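Under our numbering, read the sequence shown as residues 1 to 128, first letter to last.
The C-beta atom is built at its ideal place from N, Cα and C for all residues, glycine as well.
Remember, predicted model here, so these are calculated numbers, not experimental data.
Below is one structure, written out as C-alpha cells; comments come after it.
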Amino acid sequence: RAKSVSVAHATSIGAFTSNALLISMLLPHAQDYFSRKRRIARAISISGVNAYREQFSLDPRVAYLNHGSFGAVPKIVAQAQREFQMLEESNPNLFFRTTLPKLHDEARAFVAEWLGTTPELFAFVPNA
C-alpha cells in the first residue's frame, strides 16, 4: 500500500510538480526513490553548486526551475548579447546588411563542421 505524502514533505524532497507529487502519493516505491534522490543531492559538492550558480545573475534566494520557456543565461552569454546589441546600435544599417549575414554564415559553417555536414543542409530557426 502506498504511503501518503504531505505537500510540504513532497516539496522538501524535490517533488515540485503536480505529477511528481501524484507519483509520490501513489507509487509504493516513491519514498525509496526520493530517499535516493536526497542522498545523491547531499553528495553534490556545495562549492561546485555555488560555482555554477555564480555564473548566473539570478537572485540567490530563489530556486529558479523554469528553464523551458524563458530561462536565464550565464553572465558570459549576457555580456556577449550586450556586445552584439552595442555593435548593432553603433551602425544598424551596416550591421543588418553586412555584419549579421557574415556572422550567421560563420556560425552555420562552425556548426556544420561540428555536425560533420555542410551549412546548406540545415538552418537556424527562431524557436522549435
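Counting C-beta pairs with one atom in each stretch, the segment 73-86 and the segment 46-58 have three or more that are closer than 8 Å, which means they touch.
For N66, same chain residues with a beta-carbon under 6 Å away, outside a window of 5 residues either side, do not exist.
In the structure shown, the three-state DSSP call for N50 is helix. The three-state secondary structure of F84, taken from DSSP, is helix.
Nearest to D105 by C-alpha distance, out of V77, A63 and F122, is F122. Annotation: the continuous alpha helix (DSSP H) that includes P101 extends over L100 to L115. Within the same chain, Cβ atoms closer than 6 Å to the Cβ of P119 are found at R108, A109 and A112, the five residues on either side in sequence being excluded.
In the displayed model, S90 falls within a helix according to three-state DSSP. Rounded to the nearest whole angstrom, the C-alpha separation of K102 and F95 is 10 Å.
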